[in-house]
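Asks:
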Amino acid sequence: MIWDLHGHLAGLPGATPTERMARLMTLARRMGIERQCMCMGQTFATDPSPAELRQQNDEVLEALAHHRDQALGLVYLNPRHTAASLEELERCVAQGPMVGVKLWVAVRCSSELLDPLVARATELKVPILQHTWHKTTGNLPGESTTADLVELASRHPQARFVCGHAGGDWRLGIEAIRNSPNIWVETAGFDPTTGMVEMAVRELGAERVIYGSDVPGRSYASQLAKVRGAAIEEFQRRMILRDNLRGLLLPLLQARGLPT
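For the sequence shown, the working numbering gives the first residue as 110, with consecutive numbering after it.
1) Taking C-beta to C-beta, are W213 and T155 nearer than 8 Å?
2) How far does the beta strand (DSSP E) with G141 in it reach, from first residue to last?
3) Between M147 and the rest of its own chain, which residues show a CB-CB distance below 8 Å, the 5 nearest in sequence each way excluded?
4) Distance, Cα to Cα, S328 vs M140?
5) Relative to the C-alpha of A315, which candidate in F344, R138, R163 has its C-alpha closest?
6) With 16 other CB atoms within 10 Å as the buried threshold, where does S253 fall?
7) Tell me the rounded alpha-carbon separation between A309 and I283.
8) Is the beta carbon of D178 less than 8 Å from the beta carbon of S219?
9) Comparing the CB of E284 with every heavy atom of the ligand GDP, is any distance shorter than 7 Å?
10) Which residue comes first and which comes last in the beta strand (DSSP E) that contains E295?
11) Between V208 and L361, which are expected to be in contact by the criterion C-beta below 8 Å, what is the C-beta distance as a whole number of angstroms?
12) May I have the straight-line CA-CA distance separating G326 from G298, to the nearest angstrom?
13) Just to check my reading of the structure: E295 and V271 have Cβ atoms closer than 8 Å, yes? What is that Cβ distance to the nearest angstrom?
14) I'd like to check one pair, Y185 with Q165: are the Cβ atoms closer than 8 Å?
15) Which of the three DSSP states, helix, strand or coil, is assigned to L358?
16) Out of H265, P301, V259, V235, state which residue places its alpha-carbon closest to the alpha-carbon of R355.
17) Enumerate in chain order the residues of its own chain whose CB-to-CB distance from H380 is below 7 Å, with the five nearest sequence positions on each side excluded.
18) Enumerated in chain order, which unbroken segments of the beta strand (DSSP E) with a length of 3 residues or greater are wholly contained in the segment 202-263?
19) Can you tell me which residues form a DSSP beta bridge with I286?
20) Given a cut-off of 8 Å on the beta-carbon distance, is the pair A230 and V210 in contact?
21) DSSP three-state label for G321, please.
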């Protein structure tokens, strides 16, 4: 069975979060997805206001409500709004059902604006999924590269980060995070080219590689193919598809009495 770190409501068919999630869970079960992590609302908001943050997270909470045995949530935060983001961490994670943090493109993650959010996430023992990308045409003003994430991780050695999309250009991404033991690499969202998973296992160890799909922006089939078609050992494939993410989340799931 498979644990998928990276899914979105935006782009799914359906008028409400409940409708969209029901459709996705039907597909996920068909593809062998045992746990699907979800983040962000029905529309993408690159630099959400405090009110928009709450709405985004409310939509995910609604989506999760009928699928607690299969779906998990990551709280979406904006480092430009420290107080509001800390409030969302408390509401959705400390006092709610969510099990991680999602950071996107509002602020480059090397900024010290992230420090109070990372500190609180570390106290709560939840991982942080940070979008990273290397665009040939230039990143968005607040879009992080893997170098930004390495800088942030060095300031917070007890925090646990996941390098979203492996930086897009996965060769650069894997090389960048090699010496940062508190950063895991994620397989989601870039073209399903051969060699990525093999390089990640060789350079980082299979224990630092986590499967994600970025569904519905990418299909389960294309993203699973990266791992299923990789020339690695079967036990390493199991680690990537399930065991590593489960291990990151297990203490929190057990403490809350959630299915493990």
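C-beta atoms are modelled at their ideal positions from N, C-alpha and C, and glycine is treated no differently. None of the values given here were measured: they were computed from a predicted structure.
Replies: Result, derived from the coordinates:
1) yes
2) That residue, G141, is in no beta strand (DSSP E); it is neither H nor E in DSSP.
3) G116, H117, L118, M130, V169, A172, L173, A180, L181, G182, L183
4) 10 Å
5) The shortest C-alpha separation from A315 is found at F344.
6) buried
7) 6 Å
8) For the pair D178 and S219, the CB atoms are not nearer than the 8 Å cut-off.
9) This structure simply doesn't include the ligand GDP, nor any ligand for that matter.
10) 292-295
11) 5 Å
12) 7 Å
13) 5 Å
14) yes
15) Helix.
16) V235
17) This structure gives no information on residue 380, because the portion of the chain shown stretches from 110 to 369.
18) 209-212, 237-240
19) None, per the DSSP bridge assignment.
20) yes
21) coil
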